[in-house]
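Chains as they are written, first to last, in the numbering used here: chain A, 78 to 263; chain B, 22 to 294.
Structure below.
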C-alpha cells in the first residue's frame with residue numbers, strides 16, 4: 078500500500094512539475110517550433126502500474142492543472158487523459174508491460190490519441206483554436222516523444238520507488254538478508 | 022472487460038465523469054474563479070524560478086565585481102581570471118547594458134503610460150497563443166489593457182487577470198481581433214488570425230480591405246483605434262503580400278508583425294492611453 082501511495086505521490090509531483098515546465102520552459106518551443114505535451118505518457122505510466130482510483134486521480138489533477146494554465150475550458154483535458162490511462166489500465170494484463178517496445182508503442186498511441194480527443198472536445202464545446210496541416214508534423218513528433226517518454230518515466234518511477242519504499246518481503250528470495258543466520262567461528 | 026465492473030473501478034470512472042459534468046454545467050464566473058485558483062497552485066514554482074533567475078543574474082554581477090577587484094586578488098597571490106573569461110563577462114555586461122539602455126531610451130518615445138512586466142509563462146497548448154505576465158490586479162493590471170513589446174510594437178491584450186499574474190492573448194490568436202489600417206493609405210481593415218495554424222507566429226492576415234486599395238510589400242500597418250480596444254497608431258507590422266478574396270468582395274494581405282512573439286521576455290502593459 079505504501080509503495081502505491083509513494084508511486085501516486087511521485088506521479089502527481091511529476092505531473093505538477095511537468096505541467097509547470099510545459100508552460101514556463103520555453104526551450105523546446107524555440108528549438109522545435111512547438112511545445113511538446115508529455116502528459117499522455119505520464120498517464121500511460123499510471124495505467125501500467127497504479128490502481129483504478131490512482132489513475133483517475135492522476136488524470137483529473139493533471140487535466141485540471143493543464144487547463145488552468147491554458148485557454149482551454151477547465152476540465153477539457155481530463156477526459157482524454159483519463160481515457161488514455163484507463164485503456165492501458167484495462168488491458169495491462171494482456172500486454173508485456175515491462176517491455177521497452179510495448180511501452181514505446183503505448184506511449185506513441187496515447188500521444189497521438191490525446192491531442193485528437195482534445196481537439197474533438199474543443200470543437201464540441203464550440204471553441205475556435207488555430208488548426209492547420211502544419212500541426213500534423215508536431216502531432217506526429219509529439220506522439221514519438223510520448224513513446225520515448227514512457228520507458229523513461231517508468232524507469233524513473235522504479236528508481237524513486239526503490240529509494241522511498243521498503244522492499245517487499247519475499248520468503249522465496251535467497252539469500253534473504255533479513256533472515257539469514259550468519260555463523261561465525263563460535 | 023469483466024474488471025470494468027469491479028466496484029472500485031466503477032467509483033473511479035464515476036468520479037471522473039462527475040467531475041467533468043460538474044465543470045461543464047458550472048457557471049462561467051465560478052469556472053473562471055476555480056481556474057484562477059488552480060492556476061495559483063503554480064505560484065510557488067513561478068516564484069522559485071523567478072528568484073532563481075534573479076539569483077543567477079546577481080551571481081553573474083558578483084562575478085563581474087570580483088573580476089574588477091582582480092588586481093587585489095593578484096596582489097594576494099591568487100590566480101587571475103583568464104583574459105577570455107573576462108572578455109566574455111564584459112560582452113555579457115555590454116549586452117545587458119545595451120538592452121537596458123534601449124528600454125530606457127524607448128520609454129519617452131512611447132506616448133502612453135506603460136508598466137514594464139516580465140513574461141513568466143506561455144499557454145502549454147500549441148493551438149492557443151497566450152503569455153503569462155508577472156503582474157496582476159494588485160499592481161493595477163486590468164482586463165483588456167493593450168500590451169506592446171518593449172520597443173513599442175503591438176503584442177496583444179490582457180485577457181485574464183489574477184491577483185498576482187495575468188494572461189495576455191497575442192496577436193494572431195483567434196481571440197485577439199482588432200481594427201487596423203495601412204498607415205500610408207489609411208484603409209481600414211481588421212486583423213484576423215491566420216486561417217490555418219502556422220509555426221511562424223509573426224505572420225497574420227489583414228482582411229476586409231476595400232478593393233481599390235493599393236498595397237505594396239513593406240507598407241506599415243498600425244492600429245486604427247476603432248472599437249476603443251487599442252489606441253490609435255500602435256505599430257503592428259508590414260505588408261508582405263496581398264490578394265483579392267475568393268468571393269472578390271475585398272482584399273486580404275499577409276502581415277509580418279514587428280514584435281517577435283516567439284521571444285518575448287519583457288513587455289509593456291498600457292495602463293493609461
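Where is the CB? At the ideal position from N, CA and C, for every residue including glycine.
Residue 155 of chain A has a beta carbon lying within less than 8 angstroms of a beta carbon in chain B.
When the five nearest sequence neighbours on each side are left out, the beta carbons in the same chain lying within less than 7 angstroms of the beta carbon of residue 185 of chain B are those of 64, 157, 159, in order along the chain.
Looking at the backbone, the Cα of residue 166 of chain A and that of residue 172 of chain A are separated by about 10 angstroms. Separation of residue 227 of chain A and residue 121 of chain A (C-alpha to C-alpha, rounded to the nearest whole angstrom) is 7 angstroms. The alpha-carbon separation between residue 192 of chain B and residue 56 of chain B amounts to approximately 23 angstroms.
One thing to note: residue 228 of chain B has its Cβ within 8 angstroms of the Cβ of residue 273 of chain B. Cβ proximity to chain A below 8 angstroms picks out nothing from the stretch 104 to 115 of chain B.
Beta-bridge pairing by DSSP links residue 262 of chain B to B/275. Judged by beta-carbon spacing, residue 188 of chain A lies within the 8 angstroms limit of residue 223 of chain A, meaning their Cβ atoms are closer than that value. Look at the beta carbons and you see the stretch 141 to 149 of chain B not touching the stretch 261 to 277 of chain B: under three pairs across the two are nearer than 8 angstroms. Within the stretch 96 to 114 of chain A, contact with chain B at the beta-carbon level (separation under 8 angstroms) is assigned to 96, 97, 99, 100, 101, 103, 106, 107, 110, 111, 112, 114. Rounded to whole angstroms, residue 216 of chain A and residue 199 of chain A show a C-alpha spacing of 16 angstroms. Pairing residue 234 of chain B with residue 203 of chain B gives a Cβ-Cβ distance under 8 angstroms.
Residue-level contact by beta carbon holds for residue 206 of chain A and chain B, with a gap shorter than 8 angstroms.
In the pairwise beta carbon analysis, the stretch 164 to 184 of chain B is classified as not touching the stretch 127 to 140 of chain A: fewer than three pairs are separated by under 8 angstroms. Collapsing the DSSP output to three states places residue 119 of chain B in a helix. Distance from the CA atom of residue 84 of chain A to the CA atom of residue 179 of chain A, rounded to whole angstroms, is 21 angstroms.
At a cut-off of 8 angstroms between C-beta atoms, residue 198 of chain B does not count as an interface residue with respect to chain A. By the C-beta criterion, the stretch 151 to 161 of chain A is judged not to be in contact with the stretch 101 to 113 of chain A, since fewer than 3 inter-stretch pairs fall below 8 angstroms. For residue 133 of chain A, the chain B residues whose Cβ falls inside 8 angstroms of its Cβ are 33, 34, 36, 37, in order along the chain.
Around the beta carbon of residue 46 of chain B, fewer than 16 other beta carbons lie within 10 angstroms, which makes this residue exposed. By the Cβ neighbour-count rule, residue 194 of chain B is buried, with 16 or more other Cβ atoms within 10 Å of its own.
In the assembly as shown, residue 232 of chain B is an exposed residue. Its beta-carbon has fewer than 16 other beta-carbons within 10 Å. Using a Cβ distance threshold of 8 angstroms, residue 242 of chain B and residue 201 of chain B count as a contacting pair.
Taking C-beta atoms as the reference points, residue 190 of chain B and residue 150 of chain B count as a pair closer than 8 angstroms.
Note: residue 167 of chain B is bridge-paired with B/178 in the DSSP secondary-structure output. Taking one beta carbon from each stretch, the stretch 228 to 241 of chain A and the stretch 244 to 255 of chain B have fewer than 3 pairs nearer than 8 angstroms; the two do not touch. In the DSSP assignment, residue 224 of chain A falls outside any beta strand (DSSP E) and lies within the alpha helix (DSSP H) extending over 211 to 241. Contact of residue 145 of chain B with chain A by beta-carbon distance below 8 angstroms involves 96, 99, 100, 112, 114, 143, 146, 147. Under the 8 angstroms criterion on CB atoms, residue 222 of chain A is classed as non-interfacial with respect to chain B.
Rounded to the nearest angstrom, the Cβ distance from residue 218 of chain B to residue 264 of chain B is 20 angstroms, too far for a contact under 8 angstroms. In the three-state reduction of the DSSP assignment, residue 131 of chain B falls in the coil class. By the criterion of a C-beta distance shorter than 8 angstroms, residue 104 of chain B is surrounded by no residue of its chain, once the five residues flanking it on both sides are discounted. Secondary structure note for residue 229 of chain B: it is in no alpha helix (DSSP H), and the uninterrupted beta strand (DSSP E) holding it is 224 to 230.
Secondary structure at residue 201 of chain B: strand, using DSSP grouped into helix, strand and coil. When the beta-carbon positions are compared, residue 119 of chain A and residue 88 of chain A come within less than 8 angstroms of each other.
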